[in-house]
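Trainee: Residue 744 in this note's numbering sits at position 339 of the sequence shown, and the numbers go up by one each step. Even for Gly, the Cβ is constructed at its ideal location relative to N, Cα and C. Remember, predicted model here, so these are calculated numbers, not experimental data. Take a look at the following structure, please.
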Amino acid sequence: MRVLFHCVYFPPEVGGLESHIHFLARGLVERGHEVDVVTSLSQPDLARHEVKDRIGVWRTWLPWRNPVGWALHALGSVPRTRALARTADVVHAQAFQSVLPCRLSKPDRTPLVTTLHTSHFLKLAGRPWARRGLAALVRMGDHNFAASKEIADVGVSLGPGIRVEALANGVDTGFFRRVDPTLPRAEGPTGDRAASNAGAAPRLRLVAPRRLFHKNGVEYLIRAMPSIAERIPVELVVVGDGPEGPRLKAMTSQLGLDDTVRFVGSRPHPEMPGLLSSCDLAVFPSLMEATSVGALEAMACQLPVAASDVGGLPEIIDQDVGTLFEPADPSALAQAVVALAREGKLLEKGRRARERVVERWSNDRLVDRHLQVYETLLRGTRRTGSP
């Protein structure tokens, strides 16, 4: 089977959606299928065409990283998408911005699958003027996935007859697993992962693998840090870049947290298992979220997770593997982290977290379900004849 994906961003861009698409494509290739990806020329040094992990990657013009830029990329990508769609068995639009270029490009009888990801879809769906257009896009799909139940419910609410299947993003649990730590600790062992040095208090290391955008809520974690630090020895590692970076770093200094909070910037995926394995507890203070790939990756590396009670996060996190707190509430966040640390069960919850990811959200299960849908659609196409 030959599958064509369309998406705005693809690795080396870093993010949950980018990881999901890459691992899904790689999983399909490992099963013997062919995958091409049409994406954007999002960085000046990227090749317009390359083969990455046996995946054909084709990049087209992206003028700006904003909704106008995404729309122009979608339109500008149509010639390349059309050329590749001629020989594809299935075309898969990996976000609502990709649906129209895929629909304009594919032969009439080639099935179109869509996946609704991201908070951008939720924001638009909450605006009355945008709902009719979104409904039209979703109706173009022969099968629609959504990355969380919340997104699926919103998709169905757009209009009568719309069907959307909630299917959480997956994780390559062979790649994301506990490995040797790669981020040295500034002082002594931390948390319950090692015995304390004589006379030294263990320092709990939190990690926030979050791009620095407002919707990811890192500001509220930083505002919670003074309260956490008053009650337990703690440090925070923030992994990610973004437009909020300068403001968040200034806030850290203003709060006197320069020795407590460390910004390490964006890190490529090969570095993430070692970095996550260097920490004790992952924190996701999101204001909006689908099924967080970052949270699943942390759990696969045996980290318990403290997360906002929003979006798809409650679908993957409960008291067995971590804790939830009210979004945009530094006090609630601090209380949740301190209570989890004082409970003394971080290792136990981390082991359960990995077991849960392997059981429910492994990339193999994700690939299985996609192949079932692709093959069902193709059988229907064959019954109705060739174009």
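#1: Do you know how far the Cα of residue 472 is from the Cα of residue 790?
#2: Short of 8 Å in beta carbon distance, which residues of its chain neighbour residue 723, apart from the five on each side in sequence? Order them along the chain.
#3: How long is the line joining the alpha carbons of residue 524 and residue 624, rounded to whole angstroms?
#4: With a CB to CB cut of under 6 Å and the five nearest residues on each side skipped, what residues in its chain are close to residue 444?
#5: Any contact between the region 730-743 and the region 625-639? By contact I mean 3 or more CB pairs, one from each, below 8 Å.
#6: Closest to residue 446 by C-alpha separation, out of 460, 470, 745, 425, would be which residue?
#7: Confirm, please, whether the CB-CB distance from residue 662 to residue 689 is below 8 Å.
#8: Using the Cα positions of residue 521 and residue 685, report the straight-line distance between them to the nearest angstrom.
#9: According to the Cβ coordinates, are residue 502 and residue 475 closer than 8 Å?
#10: I'd like to know whether the C-beta atoms of residue 666 and residue 644 end up nearer to each other than 8 Å.
#11: What are the complete alpha helix (DSSP H) segments, minimum 4 residues, inside the region 596-675?
#12: Provide the residue span of the alpha helix (DSSP H) that contains residue 737, from first to last.
#13: Is it true that the CB of residue 586 sits closer than 8 Å to the CB of residue 608?
#14: Could you tell me whether the region 695-708 touches the region 531-547, using the rule of 3 or more Cβ pairs below 8 Å?
#15: Would a C-beta distance cut-off of 8 Å place residue 577 and residue 428 closer than the cut-off?
#16: Work out the CA separation of residue 421 and residue 656 for me, nearest whole Å.
#17: Check whether the Cβ atoms of residue 543 and residue 557 lie closer than 8 Å to each other.
#18: Does residue 441 come out as helix, strand or coil in the three-state DSSP assignment?
#19: Would you be able to state if there are at least three C-beta pairs under 8 Å between the region 704-713 and the region 754-768?
#20: By how many angstroms is the C-alpha of residue 770 removed from the C-alpha of residue 782?
#21: Under the three-state reduction of DSSP, which class applies to residue 463: helix, strand or coil?
#22: Between the C-alpha atoms of residue 778 and residue 545, what's the straight-line distance to the nearest angstrom?
#23: Select from 660, 560, 574, 678 the residue whose C-alpha is nearest the C-alpha of residue 612.
#24: Taking DSSP as the reference, what is the three-state secondary structure of residue 594?
#25: How would you call residue 519, buried or exposed, if buried means at least 16 neighbouring beta carbons within 10 angstroms?
#26: In or out: residue 878 buried (at least 16 other Cβ within 10 Å) or exposed?
#27: If I measure Cβ to Cβ from residue 610 and keep anything under 6 Å in the same chain, skipping five residues before and after, which residues do I get?
#28: Excluding the 5 residues preceding and the 5 following residue 713 in the sequence, name in chain order all residues of the same chain whose CB lies nearer than 6 Å to its CB.
#29: On the three-state DSSP scale, how would you describe residue 421?
#30: Here's the rule: buried if 16 or more other CB atoms are within 10 angstroms of the residue's CB, otherwise exposed. What is residue 499?
#31: Can you find the residues in the same chain that come closer than 6 Å, C-beta to C-beta, to residue 581, ignoring five residues on each side of it along the sequence?
Mentor: Checking against the coordinates, here is how it stands:
#1: Here residue 790 scores only 44 on pLDDT, less than 50, and its place in the model is too uncertain to base an answer on.
#2: Hits under 8 Å: 729.
#3: 18 Å
#4: 412, 415, 464
#5: yes
#6: Checking every option, the nearest Cα to that of residue 446 belongs to 470.
#7: no
#8: 32 Å
#9: yes
#10: In this structure, residue 644 does not lie closer than 8 Å to residue 666 by Cβ.
#11: 623-636, 650-659
#12: 735-748
#13: Taking a C-beta distance under 8 Å as the contact criterion, residue 608 and residue 586 do not qualify as a contact pair.
#14: no
#15: Yes, these two residues count as a Cβ contact at 8 Å.
#16: 26 Å
#17: Not closer than 8 Å, so no.
#18: strand
#19: yes
#20: Each residue's alpha carbon lies about 19 Å from the other.
#21: strand
#22: Computed Cα separation, rounded: 16 Å.
#23: When C-alpha distances from residue 612 are compared across 660, 560, 574, 678, the shortest belongs to 678.
#24: Its pLDDT being 38, under 50, residue 594 is placed unreliably by the model, and the measurement read from it follows with that caveat. It is coil, neither helix nor strand.
#25: buried
#26: Any property of residue 878 remains undetermined from this structure, which presents the chain solely from 406 to 792.
#27: 595, 640, 684, 685
#28: 690, 691, 732
#29: helix
#30: buried
#31: 678, 702, 705, 706
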